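The next block holds one structure in the form of structure tokens; read it before the comments.
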């Protein structure tokens, strides 16, 4: 039975569709207290006093804690310390100390017998502020009063290679654009939540809801609490979406378990939407000053980008990952002889930033691909042709780009970029006619195309255990976590393949730090690649061991046996042993076990990988602009994407479609705006607009498997982000095309109010 | 640092003494329902009807189930199927089918929103019985109306060797006694309890409270419920005593998880004391017709015993283990040239029986040692001298006794029985004077001595995992369970020794089927021997691996390194690596791991053993009989016990002292009596008398380590039962001595009412 490549129905849907999923808020512990965070109402102020008296006095309130109670607790460390920057001066404390630096920053926490009392009490905590004036613009922040003693520039990153100055000097045409990407982020259906229960008798702490990188978060928490790691057990739960922000270590990830331990009662916290919109990592906000040097024939000679990355008030767990990725991925799938990228990571009085699905690529692809459209028009070259001319050709792959990102060398591992471009262009041939027809009706329609490079499968490793029971059932203890992406199904397929069993007979346990203490978590489109490869190695090891044990049981040479359909079979039909029987033969005390051979038919394997693997794709959008309102409607959308190998094509398609929906949000609707005092203007879904089914067209997908990755045993490349990476670019290009703009659109999101200013009628 | 042999304070007391232990009833699940069992009120009757209408109608009642609902569920299987007897016709169903066979048998179960409603509703279940007449006497039951279609004799066991007929024919003196051992059992401070929670989304079932043999119980439950084993997780809890009955698979162990799954709600059940006294395994009830053949010089020539073993209404999980052990252990530490033991296992309308601490040895030692005292008097030989003359001498050890029990050959592995006897006799030299002084005051005082053989360390194997964290902490996932015996401390010591760490740095997790799926549980004085040896092997493997990894890290040959005090040290002080650093070097992705070497500094090892190991001991009691009431007071008590090697002498002594207290109960006070209709007369602690501190003297102990077991790496023999084994014998002998009886005491317990009939004044 072959599992790889099958459109197996999602195993997790058995429970999710019946309402039997278990999310963080579904965890209830008898006697639990409920936490409510008191959040700063000033964007930048010195804390004069925090009066907790009234809150403490409210019946049902168990405790109110402030920064004073945690002044000896270390700030939250960086998880991904790329580039070796010292960010220690910019880290966020778990509760504000002396100053607050953004509206929404935790300044106190109330614990009460029920969540309503906790919320009421939180409103009774009186915080007095001495306003220090909000620093809100990334550009001007560099010279503004300092948020931190170390200033407002956390890091300056320079990535590049080649002689850019010479390239630009030699250019026939230089095209430059200034482009802003709006501040927005993921808004998963389910806000965050956490439940912690401390057993004072054994000193063990159990935590539910840390769904993303539970093993890392355990390490951080152990260090902050001064507990041995093995005393802490984190359980990932079902999660209503991850997309980057969920599961990073936030102040609440300390406060909830710390208070559970301190108070000797379980503590539960469920984030509400208003909190979510100011508390979780924001993302995306960058200003790009990008310029490209072209020869007369459209050959790209050099690329420069100067990025101001507005990171908000603190450096959080991602450190400078997003600006670094922005720069490292900016050259994309193109032949870029010389490149100079600079990013200044600036702090402002806004919610701190982290990753959001396709971090750096959404921003950089928009900048580059929008520039290319402007350049093509300027050069008088067809926009597709300009790209085709500059794409790396298959014979140039693998392509070592003299850059380093997230501690890895950039080696574009496998691909035929022009072929995928041609496939996409052929697919949308009819769309051009549709645009023409719409225009003939006097409507503002346009087509936008963008080519992009993705990255996925960040190592350095992940570990998995595969275990077979005496009843023949297979279990996987994986280091991944299930954020809704279907990873249980994919890992079950990956484990099932070498064992020849039905993926339905495989149960995948994700994100339990006790069962898999070495898990790397699910992020960066790494689960199928890295966790999946670990599962494959472990399943292969189990299969090999099953055959070895079967040889002992059956008394035939191993070479005469093979594993097929969950049965080890020999030369004749009577020579057979099921996997379950092989597992039974590995029970302790079995005569079939060799000396010191551990009991149980199981194996743990680690998959290690040095480089990321680089999928790539093409987005095409057909958009129409309403001349009266400036509203943009995306009428058609195509994602063509190369994944090397699709373990489950349906899930890859699902990832792409979902990504496009979020891409439409980032391109047209979603934006965290602030007033001049740093008060957030988008603190509910009335103001923070996310696309619904009405705003999302039927997305067409082409998933190709032309270039399997040579760097992992599955040949896969991650597919988690490719639906989003080029959405800003493709939609911006379509709007520009619809409006016939000579230059760029200037900024995302292309909200109606912004687009109306771009309308020819407005310009004229 | 040496851990073995140290009087390390019990690690578990840190929580237990602070009230932070977690017992089954401490587990509460949100939304839990509460179970109450409806128990038969007739001893032997056909079920005419069960009317659940009124119970169902009571507000708060969720479900009422009867035998009809579980008629397709297999009966509870035998766990220890010794001797190959087919007991399938005598197994207990989870709820009575058609007939009830003892008062207390589960006939229905009520589940309600709170335990009080459940109890009220249980009383509203109307059961109509057609009385079939109670069969209550083991002796007459063999010819009485059948309880089961297959009759009332479940099995007849014959064990023996040599030519007994010839031995008796050649005898100078034959001494015969008929002795009854009263029905009693363990009454741990904490009655049983169980909590089950089924997650319909994942199909996983979690159960708390199965503290004894959770891995076995999981297998049984999986089979009865039709679930894969790995979907069920059993957690042993702290337990207020085990002693044999606790943790076996009882009807409630099915009903609670089955109803949790069926109703989709957690279900909790806590046994009350009245239930406990009729529901858990009874034990001990046997009639012995024992006779011994002696040469004129007191040399034992042959031994015969005919045992009627009253097993109550069903064969439970122990099958015929207790009668088999009774026969197999009866020859004890003596040279018995010919032996013939027969046991008839008879069913009666009383609570079914199982093991109680020192099963078969309490009974058999009483029979043999009481007989020896009568024989010594008859032969005119000193009672101690008669024993000394017949004890196996050290040069006869190891002694292969041509018997088989629990599937193992009886090989008395190591010992110097006469030496221990001499030690004990020397210790109590002054006690003879005390008896004389009491007698001189006209008081009825007597000294009783008994020598006994114990058995322990039943295999065939146990499995343990030892894991070292990067913070240097050590964790053990053991197959044992913690019933109060201090096993956490002992296993921590055993793991600490080869690693050279403080036992306090070792955390032992017992009885979690997910963490240790191969555990054999704690029973039969096996934990230190078998689970402990597995822990030692795993710890040694971890130590070895730590040194190997250190050699790679430090770049020196393994041979130059050794592990001491938790540090791997080389020839010079700078060559050193802590265990934690070695563990960090085993993290996934570490360059110090070999290819396919699983991540993590851990090891799983199985200890296998063919034979049991046989500790032995001497009990001496100084008792006084109140001439007015017949009340017996134990004034002094000595246990001398050989354990091979005491990992923690304090805990061995504690085991011995606790055993004596229970022995006093069985010898003098505890008895389950029934009226003629089979109604239990001891259903509360008003009637079932257990010794308190007032009835228990200060127990003196001598723990010797003269004869380490050659069969395990620790040299240990189990110490769980030796405080109890000879208590009936020693106290009966003391009473007989006090009363100057020419024959035997006839029966245990020697309650005041029984003793008064033995008083010389009464006899005369």
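Protein chains in written order, with the working numbering: chain A, 93 to 856; chain B, 93 to 856.
Think of the CB as a built atom: it goes at the ideal place given N, C-alpha and C, for glycine as much as any other residue.
On a predicted model such as this, the values are computed, not experimentally measured, just so you know.
Checklist entry - Counting pairs of Cβ atoms below 8 Å between the region 604-621 of chain B and the region 808-819 of chain B, do you hit three or more? => result yes
Checklist entry - Closest by CA to residue 694 of chain A, which one among A/157, A/676, A/417? => result A/676
Item to check | Residues from the region 122-142 of chain A in contact with chain B, defined by Cβ distance under 7 Å | outcome: 122
Next on the checklist: Short of 8 Å Cβ to Cβ, which residues in the region 603-635 of chain B face chain A?
Outcome noted: 606, 607, 609, 610, 633
Item to check | For residue 373 of chain A and residue 336 of chain A, believed in contact at Cβ under 8 Å, the rounded distance | outcome: 7 Å
Checklist entry - Where do the ends of the alpha helix (DSSP H) carrying residue 756 of chain A lie? => result 741-756
Checklist entry - What residues from chain A crowd round residue 561 of chain B, counting only those whose CB sits closer than 8 Å? => result 320, 321, 322
Checklist entry - Does residue 292 of chain A get closer than 8 Å to chain B when you measure Cβ to Cβ? => result yes
Checklist entry - CB-CB under 8 Å to residue 161 of chain B, same chain, minus the five flanking residues each way: which ones, in chain order? => result 187
Next on the checklist: Suppose only complete runs of 4+ residues qualify. What are the alpha helix (DSSP H) ranges in the region 118-204 of chain A, listed by chain order?
Outcome noted: 145-149
Item to check | Terminal residues of the alpha helix (DSSP H) in which residue 244 of chain A lies | outcome: Unbroken run through residue 244 of chain A: none, as it is neither H nor E.
Checklist entry - Going by DSSP, what residues sit across from residue 407 of chain B in a beta bridge? => result B/183, B/445
Next on the checklist: Which residue wins for smallest C-alpha separation from residue 773 of chain A, given the options A/722, A/653, A/442, A/460?
Outcome noted: A/442
Checklist entry - For residue 600 of chain A versus residue 438 of chain A, is the C-beta spacing smaller than 8 Å? => result no
Item to check | Amino acids of chain A, ordered along the chain, whose beta-carbon sits closer than 9 Å to that of residue 700 of chain B | outcome: 680, 681
Item to check | Cutoff 8 Å: residue 581 of chain B Cβ touching any chain A Cβ | outcome: no
Checklist entry - Going along the chain, which unbroken runs of the beta strand (DSSP E) with 3 or more residues stay wholly within the region 288-366 of chain B? => result 296-300, 324-327, 359-362
Item to check | Test: residue 572 of chain A CB closer than 8 Å to a CB of chain B | outcome: no
Item to check | Selected residue, minimal CA-CA separation from residue 204 of chain B, among B/504, B/152, B/183 | outcome: B/152
Checklist entry - Relative to chain A, which residues along the region 522-553 of chain B have a C-beta separation below 9 Å, given in chain order? => result 551, 552, 553
Checklist entry - Using a Cβ-Cβ cut-off of 6 Å (strictly less than) and excluding sequence neighbours within five positions of residue 461 of chain A, which residues of its own chain qualify? => result 542, 821
Next on the checklist: Does any residue of chain B have a CB that is nearer than 8 Å to the CB of residue 555 of chain A?
Outcome noted: yes
Checklist entry - Along chain A, which residues have their Cβ under 8 Å away from the Cβ of residue 691 of chain B? => result 555, 610, 696, 698
Item to check | Neighbour-count burial assignment, residue 895 of chain A, 16 or more Cβ in a 10 Å radius | outcome: Within the shown structure, residues of chain A are numbered from 93 to 856, placing residue 895 of chain A beyond reach of any answer.
Item to check | Residues bridged to residue 380 of chain B (per DSSP) | outcome: B/271, B/399
Item to check | Rounded separation between residue 579 of chain B and residue 365 of chain B - CA only | outcome: 26 Å
Checklist entry - With which residues is residue 570 of chain B paired in a DSSP beta bridge? => result B/602
Next on the checklist: Taking the alpha carbon of residue 615 of chain B as the reference point, which residue from B/240, B/574, B/646 has its own alpha carbon closest?
Outcome noted: B/574
Item to check | N-terminal and C-terminal residue of the beta strand (DSSP E) that residue 495 of chain A is part of | outcome: 491-497
Next on the checklist: Count Cβ pairs between the region 592-612 of chain B and the region 637-649 of chain B that sit closer than 8 Å; are there 3 or more?
Outcome noted: no
Item to check | DSSP-derived helix/strand/coil call for residue 483 of chain B | outcome: strand
Next on the checklist: For a contact defined as C-beta to C-beta under 7 Å, what are the partners of residue 840 of chain A on chain B?
Outcome noted: Those do not exist, as residue 840 of chain A stays about 38 Å from chain B at its closest Cβ, beyond 7 Å.
Checklist entry - Tell me which same chain residues have a C-beta within less than 7 Å of the C-beta of residue 829 of chain B, skipping the five on either side of it? => result 538, 539, 540
Checklist entry - With DSSP run on the structure shown, which of helix, strand or coil describes residue 578 of chain A? => result coil
Checklist entry - How should residue 458 of chain B be labelled, buried or exposed, when 16 other C-beta atoms within 10 angstroms of its C-beta is the threshold for buried? => result buried
Checklist entry - Thinking C-beta only, is residue 416 of chain B closer than 8 Å to residue 500 of chain B? => result no
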